[in-house]
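J.: Quick one: the structure is below, and I'll ask about it shortly.
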Amino acid sequence: MTGILIAVAALASPVPAGGNANQQDMLWDNQLITNGVMARAVSPPAFPNIRVVDDIFVSPGTVWHIESLTADILEDSLWDSGGRMSVYVWLSDGNRPRNGNVNMIAFSERVVERFRTGNSYFGRPDFHHTARNLDITLPSGQFWIGMRHPLGGGSGTAYWFTTNVAGTDGEGTSTGFFSLDAGGTFNPEGSGWHHAFEVRGHEEPTVPVTLIQVLRGERVSGATISMARSDDDRYVISARRPTAVGLPSVEVIVEGRATAGDVTWTSFTLESKATAGPVRQRIELWSFDTNNWHLMHERMAIADDFFSFRRLRARQNESPGRYVSANGTVRARLTWYDLGVTSVGWTVQIDQAGWHVVAN
């Protein structure tokens with residue numbers, strides 16, 4: 000079972016989007032108004048392991064802060080939403096979602112707002128479902144976004160409808176993909192499967208890398224422009240055997256220049272890969288308050304491009320302003336540690352690196 004509903008033609012006239020009037024910017028318009036023709040199951044209890052995604056593109060030189068997603072949803076009559084809606088984002092792999100749960104890079108679960116559109120299809124009521132306050136941040140590039148109701152109960156499921164024109168942004172992009180094993184393997188939905196949804200939030204510019212220092216390893220190719228966007232134009236460093244135990248095989252310091260001011264939040268994004276393993280990757284930010292490095296993120300590097308991301312906001316014990324100097328300088332140290340690599344001549348390849356700073 001793949002959870003498909005298909006009709007011969009649309010059965011109702013368009014209606015305005017419900018529950019979506021706010022001051023957020025439209026980040027992605029995939030046309031919220033359904034064609035009433037095709038829909039894919041997205042939720043338990045009938046389909047607990049299905050995942051459905053459609054592609055979005057974050058423009059080069061920008062970062063998105065996604066605050067809400069609204070989708071056109073058809074509900075089985077005895078199905079219950081459970082009051083929750085989760086939104087997830089998968090990495091892209093050559094114009095399709097990358098297989099494997101490890102490639103889900105963002106997830107947020109919130110209360111679901113259900114707005115009855117007044118239309119019915121296949122004898123079922125049609126709704127606009129919205130999740131707000133998602134707090135998902137994405138750098139530039141292609142990603143795959145989806146939604147489900149993790150606490151769905153009763154009998155049956157909910158279905159994510161398609162649209163005719165795929166909106167202002169979705170026209171000409173890839174159609175949807177679905178997975179029956181919770182994202183292990185994605186399959187194309189085929190022609191016409193542009194899902195009805197919109198994404199809202201805010202867009203901010205990226206602070207690019209303007210200075211690169213390779214302290215360990217040797218630069219093979221690339222320049223600062225190679226780190227500017229996710230485009231497979233990579234900055235490549237050849238690893239070197241460390242001179243002492245505990246030292247990295249590759250160490251790179253990067254700097255940029257942000258707008259100075261009262262910093263409300265800052266983040267750093269790295270898209271990179273290592274051509275051999277096992278290799279541990281670390282990201283550290285320089286604190287201009289304490290004049291030392293603070294570890295922000297650590298993981299095992301892999302042979303495919305993967306995003307590493309860390310965001311700090313002006314709340315609780317986080318002090319994002321400490322990572323921005325009085326004149327706006329930002330600095331990061333990127334290191335890769337050989338944990339037993341047997342191959343010779345392995346490299347680190349950086350496709351994208353940069354900061355995102357919001358200051359008043």
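Under numbering that gives the first Met the number 0, the sequence shown has 123 at position 124, and the numbering climbs by one with no breaks.
We put the beta carbon where it would ideally sit given N, CA and C, even for glycine.
Keep in mind that this is a model prediction, so the values were computed, not measured.
CA-CA distance, residue 295 and residue 356?
T.: The alpha-carbon atoms of residue 295 and residue 356 are separated by roughly 16 Å.
J.: Compare the C-beta of residue 143 against all C-beta atoms of chain B and say whether one is closer than 7 Å.
T.: Absent here is chain B; the protein component of the structure consists of one chain.
J.: How big is the Cα-Cα spacing for residue 223 and residue 115?
T.: Spanning the two alpha carbons is a distance of roughly 50 Å.
J.: Report the rounded CA-to-CA distance for residue 195 versus residue 97, giving the unit in angstroms.
T.: Straight-line Cα distance between these residues: approximately 22 Å.
J.: What's the call for residue 138, buried or exposed, on a 16-neighbour Cβ count within 10 Å?
T.: By the 10 Å Cβ count, residue 138 comes out buried.
J.: Kindly indicate which residue of 215, 274 and 229 has the alpha-carbon position closest to the one of residue 332.
T.: Nearest C-alpha to residue 332: 215.
J.: Around the Cβ of residue 149, are there at least 16 other Cβ atoms within 10 angstroms (buried) or fewer (exposed)?
T.: Exposed, by the Cβ-count rule.
J.: Leaving aside the five residues before and after residue 153 along the sequence, list all residues of the same chain whose C-beta is less than 6 Å from its C-beta, in chain order.
T.: Only 77, 78 and 79 meet the Cβ criterion.
J.: Could you pull the start and end residues of the alpha helix (DSSP H) that residue 303 belongs to?
T.: Taken as a continuous stretch (DSSP letters only), residue 303 belongs to no alpha helix (DSSP H), as it is neither H nor E.
J.: If you drop the 5 nearest sequence neighbours on each side, which residues of the same chain put their C-beta closer than 6 Å to that of residue 53?
T.: 175 and 194.
J.: Do the region 316-331 and the region 286-295 touch if we need at least three Cβ pairs shorter than 8 Å?
T.: Counting Cβ pairs under 8 Å, three or more are found: they touch.
J.: Does DSSP classify residue 397 as helix, strand or coil?
T.: Residue 397 is absent from the structure shown; the chain starts at 0 and stops at 359.
J.: Could you check what DSSP says for residue 95 in three-state terms: helix, strand or coil?
T.: Note: residue 95 maps to coil in three-state DSSP.
J.: Looking at the unbroken beta strand (DSSP E) that takes in residue 162, where does it start and where does it end?
T.: Per DSSP, residue 162 belongs to no beta strand (DSSP E) and is neither H nor E.
J.: Excluding the 5 residues preceding and the 5 following residue 298 in the sequence, name in chain order all residues of the same chain whose CB lies nearer than 7 Å to its CB.
T.: The residues are 280 and 307.
J.: Name the one or two DSSP bridge partners that residue 201 has.
T.: Looking at the DSSP assignment, residue 201 forms a beta bridge with 64.
J.: Thinking just about the alpha-carbon of each residue, which of 183, 51, 201 and 253 is nearest to the one in residue 38?
T.: Of the listed residues, the one whose Cα sits closest to residue 38 is 51.
J.: In chain order, what residues of the same chain lie with their CB nearer than 6 Å to the CB of residue 340, ignoring the 5 residues before and after it?
T.: The answer, listed in chain order, is 275.
J.: Compute the Euclidean distance between the alpha carbons of residue 270 and residue 283, then round it to the nearest angstrom.
T.: Going from the Cα of residue 270 to the Cα of residue 283 covers about 15 Å.
J.: Compute the Euclidean distance between the alpha carbons of residue 245 and residue 336, then round it to the nearest angstrom.
T.: Each residue's alpha carbon lies about 8 Å from the other.
J.: By the three-class DSSP mapping on this structure, what secondary structure does residue 153 have?
T.: Residue 153 falls in the strand class under three-state DSSP.
J.: Have a look at residue 20 and residue 86 and give me their C-alpha separation to the nearest angstrom.
T.: With a pLDDT of only 41 at residue 20, under the threshold of 50, the placement of this residue in the model should not be trusted, and no figure is reported.
J.: Is the region 119-136 touching the region 180-194 in the sense that three or more CB pairs, one from each, lie closer than 8 Å?
T.: Result no; under three Cβ-Cβ pairs closer than 8 Å.
J.: Can you give me the start and stop residues for the beta strand (DSSP E) that residue 37 sits inside?
T.: 37-40 is the span of the beta strand (DSSP E), which, as asked, contains residue 37.
J.: If I measure Cβ to Cβ from residue 30 and keep anything under 7 Å in the same chain, skipping five residues before and after, which residues do I get?
T.: Within the same chain, residue 30 has close Cβ partners 162, 164, 165, 166, 169 and 195.
J.: Please name the residue or residues paired with residue 57 in a DSSP beta bridge.
T.: Residue 57 is bridged to 140.
J.: Are the beta-carbon atoms of residue 197 and residue 28 separated by less than 7 Å?
T.: Yes; because the gap between Cβ atoms is below 7 Å, this pair is in contact.
J.: Taking the alpha-carbon positions, what's the residue 182 to residue 135 distance?
T.: So the alpha carbons of these two residues sit roughly 19 Å apart.
J.: Out of 23, 48, 158 and 178, point me to the one whose CA is closest to residue 63's CA.
T.: When each option's Cα is compared against that of residue 63, the closest is 23.
J.: Near residue 56, what residues of its chain come up, given a Cβ to Cβ distance below 6 Å and the 5 sequence neighbours on each side ignored?
T.: Only 141 meet the Cβ criterion.
J.: Kindly list the residues whose CB is nearer than 6 Å to the CB of residue 173, restricted to its own chain and excluding five residues on each side of it in sequence; keep chain order.
T.: Counting only Cβ-Cβ distances below 6 Å, and skipping sequence neighbours, we find 54 and 94.
J.: Find the nearest neighbour of residue 230 within the set 108, 75, 40 and 348, judged by alpha-carbon distance.
T.: Of the candidates 108, 75, 40 and 348, the one whose C-alpha sits nearest the C-alpha of residue 230 is 348.
J.: Identify the residues that DSSP records as bridge partners of residue 72: which are they?
T.: DSSP, once it has assigned bridges, lists 126 and 159 as partnering residue 72.
J.: Quick one, are the C-beta atoms of residue 221 and residue 354 less than 7 Å apart?
T.: No, the Cβ-Cβ distance between residue 221 and residue 354 is not below 7 Å.
J.: So which of 32, 75 and 358 has the shortest CA-CA distance to residue 264?
T.: Of the candidates 32, 75 and 358, the one whose C-alpha sits nearest the C-alpha of residue 264 is 358.
J.: Residue 271 bridges to which residues according to DSSP?
T.: 305 and 349.
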